[in-house]
Amino acid sequence: METWAIFTGDIVKSSAMSRAELDAIFARLDDASEALTAWQGQPARMTRFRGDGWQMAVAPTFTFRAALVLRATVRRCGKTADTRFGIGIGPAHFAGGDLSRADGAALVSSGHALDNTPRARRMHAPDAPLALRTALPLADRIAGGWTRRQADVAYYMLAPEPPVQAELARQFDLTQQSVQGHVEAAGIDELREVCEVLEARKTAF
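Just so you know, the sequence shown maps onto residues 13 to 217 in the working numbering.
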C-alpha cells in the first residue's frame, strides 16, 4: 500500500444550513479536490458521505498546505461557514474512483482523529509527525479568524504556484493594494513559509 494523508471531515453546524447552502459548500470542495489533484498528480478522490461528511486523499508532502486550503475552501461560502477534519497518515488502498471502498490504516486513523477532535479545534492529526502536529494548532487559530474575502485570497495564494496578485485583483474586482492587505491580514506569507519548510522535510512522512 502507498502512504497517504487521508482527511475525514464534516461541516460545522450543518443542521442550521439549507440544502442549497450545504450543496454550495460541497461544490467548492469538489473544486478544491481538482486543485489538489493537479498539485499531487494523483486523484484526491473527494467523497461525500452522510450528508455533511467528506473525505479526501492527499499526498503526505502536501498535508499542511491542503489543510489550510480546505479550511479556506469552506470559509469562502460564508463568514460563519467552517469545516473540521481529522488527518491520518499511513498506508491506504483504493478501490474505485472514490474512497467509499478504500481501506488501510490511514483511513482508520483519520476517522479516529475526527471523532476525537478537541472542542476548540478544527484540524486534528494526533498521529502525524511532530513538526506537523506542532504547526497545525497555530494554523488552526489563524484560519479560524479569516474573513470570507481573506479566505478567497488564501485559497489561491496558498497553492504551490499561486497567481500574481494583479491577476487575483482582477478576478475579485479589487485593487492590488487591497489584495496585499488581505494577504497580510490572513498571514499568508508566514503560512507559506511553514508549508515550504514542511514540504522540504519529506522524510518526516
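The beta carbon of each residue, even a glycine, is placed where N, CA and C say it ideally should be. All of these numbers come straight from a predicted model, not from anything done at the bench.
- The Cβ atoms of Pro103 and Ala117 sit closer than 9 Å to each other.
- From the listed residues Asp42, Pro55, Arg213, Ala47, the smallest Cα separation to Pro141 is found for Arg213.
- When C-alpha distances from Arg88 are compared across Pro55, Pro72, Phe38, Leu119, the shortest belongs to Phe38.
- Across the set Glu33, Leu34, Ala32, Thr75, the C-alpha of Thr75 shows the shortest separation from the C-alpha of Ile18.
- Burial state of Phe61 is exposed, judged by a 10 Å Cβ sphere holding fewer than 16 other Cβ atoms.
- Judged by DSSP in its simplified three-state form, Trp66 adopts strand.
- Within the DSSP bridge table, the entry for Met135 names Phe97 as partners.
- In the structure shown, Arg60 adopts extended strand secondary structure according to DSSP, grouped into three states.
- Spanning the alpha carbons of Phe184 and Asp64 requires a straight line of approximately 28 Å.
- Per DSSP, Pro55 has no beta bridge partner at all.
- Residue environment: Ser30 is assigned as exposed (fewer than 16 neighbouring CB atoms within 10 Å of its CB, all protein chains considered).
- Take the alpha-carbon of Lys25 and the one of Ala71: they are about 29 Å apart.
- Residue burial is scored here from C-beta neighbours: Arg83 has at least 16 other C-beta atoms within 10 angstroms and is therefore classed as buried.
- Under the three-state reduction of DSSP output, Ala140 falls in the coil class, being neither helix nor strand.
- Just measuring C-alpha positions, the residue of Val86, Met68, Gln54 sitting nearest Asp35 is Val86.
- In this structure, the alpha-carbon of Met13 lies about 9 Å from that of Phe106.
- Contact between Lys91 and Arg153 fails: their C-beta atoms lie close to 17 Å from each other, not under 8 Å.
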